[in-house]
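Novice: Have a look at this one before I ask anything.
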Amino acid sequence: MGLHPLEFSECYLDSPSFRDKIKSHEAELDKTNRFIKELYKDGKNLINATKQLGMAQRKFAQCLGEFQFEYIGDAKTDDEKCIDESLQEFSAFLKNLEDQRELMMRNITETLMKPLEKFRKEQLGALRAERKRYEKETEKYYSSLEKLLNMSSKKKEPQLQEADTQVEIMRKHFQEESLDYVCKLQEIQERKKFECVEPMLAFFQTVFTFYHQGFELAKDFDHYKRALQINIQNTRNRFEGTRSEVNELMKRIREAPQEYRQTSPISFEGYLYVQEKRPPPFGSSWVKRYCTFVKEQKILHMVTFDHRSGGKIGETESITLKSCVRKTTDVLDRRFCLDLDITDRPGTVLTVQALSEDDHKFWMQAMGGKEPIGHYLTRTYSKERGIDAQLDDVGFSFVKNSISAIEKRGINDQGLYRIVGVSSKVQKLLSLMIDEKSDEVDLSASEDWDVKTITSALKLYLRSLPEPLMTYELYKEFISPAKGGSPESRIQAVHCLVHKLPERNRQVLGLLMKHLANVAAHSKQNLMTVANLGVVFGPTLMRPQEETVAAIMDLKFQNIVVEILIEHHEKIFTDAPESCPLSPDAPVLSAPTRHSKKMSRQNRPLAVYNPQALDIQNVGDGSSPAPDETSMGSNESVSSQSSSASASEVNMEKSDHVPLNASLSSVSNRYVRMHVCEVRSSANRAQMKMISNYVTGRKARAVYPCEAEHDSELSFHVGDIFNGVTQSREPGWLEGELEGKRGLIPENYVEML
877 MGLHPLEFSE
887 CYLDSPSFRD
897 KIKSHEAELD
907 KTNRFIKELY
917 KDGKNLINAT
927 KQLGMAQRKF
937 AQCLGEFQFE
947 YIGDAKTDDE
957 KCIDESLQEF
967 SAFLKNLEDQ
977 RELMMRNITE
987 TLMKPLEKFR
997 KEQLGALRAE
1007 RKRYEKETEK
1017 YYSSLEKLLN
1027 MSSKKKEPQL
1037 QEADTQVEIM
1047 RKHFQEESLD
1057 YVCKLQEIQE
1067 RKKFECVEPM
1077 LAFFQTVFTF
1087 YHQGFELAKD
1097 FDHYKRALQI
1107 NIQNTRNRFE
1117 GTRSEVNELM
1127 KRIREAPQEY
1137 RQTSPISFEG
1147 YLYVQEKRPP
1157 PFGSSWVKRY
1167 CTFVKEQKIL
1177 HMVTFDHRSG
1187 GKIGETESIT
1197 LKSCVRKTTD
1207 VLDRRFCLDL
1217 DITDRPGTVL
1227 TVQALSEDDH
1237 KFWMQAMGGK
1247 EPIGHYLTRT
1257 YSKERGIDAQ
1267 LDDVGFSFVK
1277 NSISAIEKRG
1287 INDQGLYRIV
1297 GVSSKVQKLL
1307 SLMIDEKSDE
1317 VDLSASEDWD
1327 VKTITSALKL
1337 YLRSLPEPLM
1347 TYELYKEFIS
1357 PAKGGSPESR
1367 IQAVHCLVHK
1377 LPERNRQVLG
1387 LLMKHLANVA
1397 AHSKQNLMTV
1407 ANLGVVFGPT
1417 LMRPQEETVA
1427 AIMDLKFQNI
1437 VVEILIEHHE
1447 KIFTDAPESC
1457 PLSPDAPVLS
1467 APTRHSKKMS
1477 RQNRPLAVYN
1487 PQALDIQNVG
1497 DGSSPAPDET
1507 SMGSNESVSS
1517 QSSSASASEV
1527 NMEKSDHVPL
1537 NASLSSVSNR
1547 YVRMHVCEVR
1557 SSANRAQMKM
1567 ISNYVTGRKA
1577 RAVYPCEAEH
1587 DSELSFHVGD
1597 IFNGVTQSRE
1607 PGWLEGELEG
1617 KRGLIPENYV
1627 EML
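Numbering (the numbering used here), first residue to last: 877 to 1629.
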């Protein structure tokens, strides 16, 4: 049974049982007071602990937000960009969550802590004061009563009556106090039920609100989480492909390191020990230096670098080489030495020592010594594997035969193109299929060859071609759009480049992409999505001519190009491109600022050049190849594009850029970047000169985007056509009409039609 009710009538009797009942009520309220005090203390600790958690979470979020992944190479894939930005997203999510938690803590303080403390102080505290008064009145009344009862009856009657009156007053006061106290006791007993529980309900409502907001944040985060999981999976797949290629390259270099020595027609570099002669009797010393020899200028740059001294780099010294002569051991008792005759110091011979016999030969070749060796050795798959694969009618027939068999027999096989066949069977099948003397085998009907053997043989055929299907020449141009720009510009750039491929290459590539799109359409069964197929066929269809780790790091961009080809194969291989900008992400540039009408052409800025998107061998010519040229199926179809200008204009352009083409094998990319735009500008100036002398009102096409900086200038995009183009009186500018507006056009931003 619970507490006994306190009857008001018992206040007049003040029986022992009544007093026991009061004590029970008082004990219960004391317990409630202790409970609230303990709960308040624990609540404060909870708030402090939550604040500490919030501070730790915010610090964690700040650490996440401040970190950024570095990447290998010159660009990141879209997946890598999303992964890189994910840390900032996680940081923002945690900060948002902590903002909600901080709000929850403020609400808990207002809705739980303060109301409980108020009830404890105002109600239970007031009752304690009431209790003290009640006990005091009790003591006072019963003391007076005992004193009255102990009075002698011999006292005079007035004294006795006065004593009786005082005790009666005290009794009434005591009973009123007792009634108030009993009423207060029972009131607080009932009040505590809602005064304590209602703040707790508000507390839990606040907590649930916080968790609900967390749930809503999680729902909003779910879409991003799913997209990020795809980004991570794509990156992991590309990593696996890249890692296997890196391991293969490392294995080949370990077996034949000299075949992969990084030489180039432009420069050669490595360590040499340089003899430094001293005055007698000190003799000479040999100092290790890292040397870079620039072949065209015959300049040798030397920098002192000692690995044992913590890798401290010294100053760079440059000398111009006149001649290089091998130094024999009968002259100097050291092997692998060369004597360098220096132009800067007539009569001075610098003696250097290579690190090995092979190194000595490389330096001799680079510096024009008398012991030349072979040029950079580039491995080809066909030689390594012993398979003479060619992109001829037999090869084309094998591709069609394989695709037909795969689509008929194994389009739903899980891991199609990823699960490889037995190597010996694969090579046997490929050798049989590309042998002109053997009878043709219908792989669709033959059960002798399983699907994984056919898919592996098809991949092996494509990798064994003397040149990859998408050609060495266009490799960098295909990679470039995958490294930046909008999705639309990437598709447009790849579309244009595909139509630069030789005819047979484009036919085979189109046939293969249509097939891979069909494979991806069955990805629910075969698990081969477009991204997975990109990982498989990226290094199969494209590869650089030189194998380096840097080139392997571009595998992820090869995969992106293949994904674009698969997803948009109908548009890319069916329709010819409408316009081909020089770069898919070329920035909109401002036209030259017209400080005065006397501004010289030398001071006028040239059009911006993107070396990865421009066809270097056609710097003076932005037109597409003629159909009869591309249909020849030759690699030279890309570099033999003809201009749509008149014969005299073509001759003018050739006179400007032929020397550049002739020197491409001996100049650096940097040199090309410096001069390409000048060539374009030179050709256009020749056109302008002819226009001013013979023709007015020609049409012109924009080859660079431009944003006007003055009302008299025109803004335009790549491919815009200008009408009524004439020479302006202002040097370096033309006048033309675009969309009904006539204005100034930078001369070197257009080509005449």
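Every residue gets a Cβ at the ideal spot worked out from N, C-alpha and C, and that includes glycine.
1) If we ignore side chains and look at the alpha-carbon of each, how far apart do residue 1182 and residue 1189 end up?
2) For residue 1619, I'd like the list of residues in its chain whose CB is within less than 6 Å of its CB, leaving aside the five on either flank, ordered along the chain.
3) So is residue 1045 buried or exposed if we call it buried at 16+ other beta carbons inside 10 Å?
4) Out of 916, 1369, 1613, 1078, point me to the one whose CA is closest to residue 983's CA.
5) Helix, strand or coil for residue 945 per DSSP?
6) Buried or exposed for residue 1197, please, with buried defined as at least 16 other CB atoms from any protein chain shown within 10 angstroms of its CB.
7) Taking a contact to mean a Cβ-Cβ separation below 8 Å, would you say residue 1302 touches residue 1321 in this structure?
8) Going by alpha carbons, who is nearest to residue 1277 out of 926, 1381, 1337, 1110?
9) Considering Cα atoms alone, identify which of 1351, 1042, 1329 is closest to residue 1304.
10) Inspect the beta-carbon positions of residue 963 and residue 930 and report whether they are closer than 8 Å.
11) CB residue 1042 to CB residue 1028, shorter than 8 Å?
12) How is residue 1296 classed by DSSP in three states: helix, strand or coil?
13) In the DSSP assignment, the alpha helix (DSSP H) including residue 1428 goes from what residue to what residue?
14) For my contact list, residue 936 and residue 970 are in at a C-beta cut-off of 8 Å; report their separation, rounded to the angstrom.
15) Can you grab the Cα-Cα spacing for the pair residue 894 / residue 1011, in whole Å?
16) Could you give the C-beta distance for residue 1147 and residue 1166, rounded to a whole number, given that I count them as a contact under 8 Å?
17) Taking the continuous alpha helix (DSSP H) assigned at residue 1442, which residues delimit it?
18) Does the region 1000–1007 come into contact with the region 1058–1073, if we say contact requires no fewer than three beta-carbon pairs (one atom in each stretch) closer than 8 Å?
19) For a quick check, are the C-beta atoms of residue 1596 and residue 1584 less than 8 Å apart?
20) What's the C-alpha gap between residue 1555 and residue 1628?
21) Below 8 Å between beta carbons: does that hold for residue 1397 and residue 1409?
22) Could you tell me the distance, in whole angstroms, from the CA atom of residue 1401 to the CA atom of residue 1095?
23) Decide if residue 921 is buried, meaning its Cβ has at least 16 other Cβ atoms within 10 Å, or exposed.
24) Under a Cβ-count criterion, where at least 16 other Cβ atoms within 10 Å of its own Cβ denotes burial, should residue 1126 be classed as buried or exposed?
25) Compute the beta-carbon to beta-carbon distance between residue 1412 and residue 1293, rounded to the nearest angstrom, for a pair I have assumed lies under 8 Å.
26) Am I right that residue 912 and residue 996 are in contact with their C-beta atoms under 8 Å? What's the rounded C-beta distance?
27) Below 6 Å CB to CB, which residues in the same chain sit around residue 1355 once its five sequence neighbours on both sides are set aside?
28) Would you call residue 1532 buried or exposed, if buried means 16 or more other Cβ atoms sit within 10 Å of its Cβ?
29) Assign residue 1605 to one of three DSSP states: helix, strand, or coil.
30) Residue 881 lies in the beta strand (DSSP E); which residues open and close that run?
31) Do residue 1360 and residue 932 have their C-beta atoms within less than 8 Å of each other?
32) Using a Cβ distance threshold of 8 Å, determine whether the region 1073–1093 contacts the region 965–979, with at least three qualifying pairs required.
33) Mind pulling the beta strand (DSSP E) runs of 3 or more residues that sit fully within the region 1197–1226?
34) Determine the direct distance from the alpha carbon of residue 1340 to that of residue 1306, and round the result to whole angstroms.
Specialist: In brief:
1) Within the sequence shown, residue 1182 is the residue found at index 306, counting from 1. Within the sequence shown, residue 1189 is the residue found at index 313, counting from 1. Cα-Cα distance, rounded: 7 Å.
2) For this step, residue 1619 is matched to residue 743 along the sequence shown. 1588, 1589, 1590, listed in sequence order.
3) Along the sequence shown, read from residue 1 onward, the residue named residue 1045 stands at position 169. Classification for residue 1045: exposed.
4) As a working note, residue 983 is residue 107 in the sequence shown. Nearest option by C-alpha distance: 1078.
5) Counting from one through the sequence shown, the residue named residue 945 turns up at place 69. Coil.
6) Taking the sequence shown and counting its residues from 1, one reaches residue 1197 at position 321. Classification of residue 1197: buried, given that the 10 Å Cβ count is 16 or more.
7) Residue mapping note: residue 1302 aligns to position 426 of the sequence shown, counting from 1. Residue mapping note: residue 1321 aligns to position 445 of the sequence shown, counting from 1. No, Cβ-Cβ distance for residue 1302 and residue 1321 is not below 8 Å.
8) In the sequence shown, counting from the first residue as 1, residue 1277 sits at position 401. Checking every option, the nearest Cα to that of residue 1277 belongs to 1337.
9) In the sequence shown, counting from the first residue as 1, residue 1304 sits at position 428. With distances taken between Cα atoms, residue 1304 lies closest to 1329.
10) Residue 963 sits at position 87 when you count from the first residue of the sequence shown. Residue 930 sits at position 54 when you count from the first residue of the sequence shown. No, the pair does not count as a contact, with Cβ atoms beyond the cut-off.
11) By 1-based counting over the sequence shown, the position of residue 1042 is 166. By 1-based counting over the sequence shown, the position of residue 1028 is 152. No.
12) In the sequence shown, residue 1296 corresponds to position 420, counting from 1. It is coil, neither helix nor strand.
13) Counting from one through the sequence shown, the residue named residue 1428 turns up at place 552. Segment 1425–1428, the alpha helix (DSSP H) holding residue 1428.
14) By 1-based counting over the sequence shown, the position of residue 936 is 60. By 1-based counting over the sequence shown, the position of residue 970 is 94. The pair is a contact, with the Cβ atoms about 7 Å apart (cut-off 8 Å).
15) Walking along the sequence shown from the start, residue 894 turns up at place 18. Walking along the sequence shown from the start, residue 1011 turns up at place 135. Approximately 14 Å between the Cα atoms of the pair.
16) Indexing the sequence shown from 1 puts residue 1147 at position 271. Indexing the sequence shown from 1 puts residue 1166 at position 290. With a Cβ gap of about 6 Å, residue 1147 and residue 1166 count as contacting.
17) The residue you call residue 1442 lines up with position 566 of the sequence shown. 1431–1443 is the span of the alpha helix (DSSP H), which, as asked, contains residue 1442.
18) The region 1000–1007 vs the region 1058–1073: in contact.
19) Translated into positions along the sequence shown, residue 1596 becomes position 720. Translated into positions along the sequence shown, residue 1584 becomes position 708. Residue 1584 sits away from residue 1596, with the two beta carbons spaced by 8 Å or more.
20) In the sequence shown, the residue the question calls residue 1555 occupies position 679. In the sequence shown, the residue the question calls residue 1628 occupies position 752. Confidence at residue 1555 is low in this model, with a pLDDT of 35, below 50, so its placement is unreliable and the value that follows should be read with caution. Counting only the Cα atoms, residue 1628 lies some 15 Å from residue 1555.
21) Here residue 1397 refers to the residue found at position 521 of the sequence shown. Here residue 1409 refers to the residue found at position 533 of the sequence shown. For residue 1397 and residue 1409, no; Cβs fall outside 8 Å.
22) One-based indexing of the sequence shown puts residue 1401 at position 525. One-based indexing of the sequence shown puts residue 1095 at position 219. Approximately 29 Å between the Cα atoms of the pair.
23) In the sequence shown, counting from the first residue as 1, residue 921 sits at position 45. So residue 921 ends up on the exposed side.
24) In the sequence shown, counting from the first residue as 1, residue 1126 sits at position 250. Per the 10 Å Cβ criterion, exposed.
25) As a first step, residue 1412 is located in the sequence shown; it is residue number 536 there, counting from the start. As a first step, residue 1293 is located in the sequence shown; it is residue number 417 there, counting from the start. With a Cβ gap of about 5 Å, residue 1412 and residue 1293 count as contacting.
26) Within the sequence shown, the letter at position 36 stands for residue 912. Within the sequence shown, the letter at position 120 stands for residue 996. Residue 912 to residue 996, Cβ: 5 Å. Contact.
27) Stepping through the sequence shown from its first residue, residue 1355 is reached at position 479. Contacts found: 1430, 1433.
28) Start at 1 with the first residue of the sequence shown, and residue 1532 comes out as number 656. For residue 1532, the predicted model reports a pLDDT of 35, less than 50, meaning its position is unreliable; a value from the coordinates is still stated below. Residue 1532 is buried by the Cβ-count criterion.
29) As a first step, residue 1605 is located in the sequence shown; it is residue number 729 there, counting from the start. Three-state DSSP puts residue 1605 in coil, outside helix and strand.
30) Indexing the sequence shown from 1 puts residue 881 at position 5. Looking at the DSSP string, residue 881 is not in any beta strand (DSSP E), and its letter there is neither H nor E.
31) Within the sequence shown, residue 1360 is the residue found at index 484, counting from 1. Within the sequence shown, residue 932 is the residue found at index 56, counting from 1. No, the pair does not count as a contact, with Cβ atoms beyond the cut-off.
32) They touch, by the three-pair rule.
33) 1213–1218
34) On the sequence shown, position 430 is the one that residue 1306 refers to. On the sequence shown, position 464 is the one that residue 1340 refers to. Roughly 10 Å separates the two Cα atoms.
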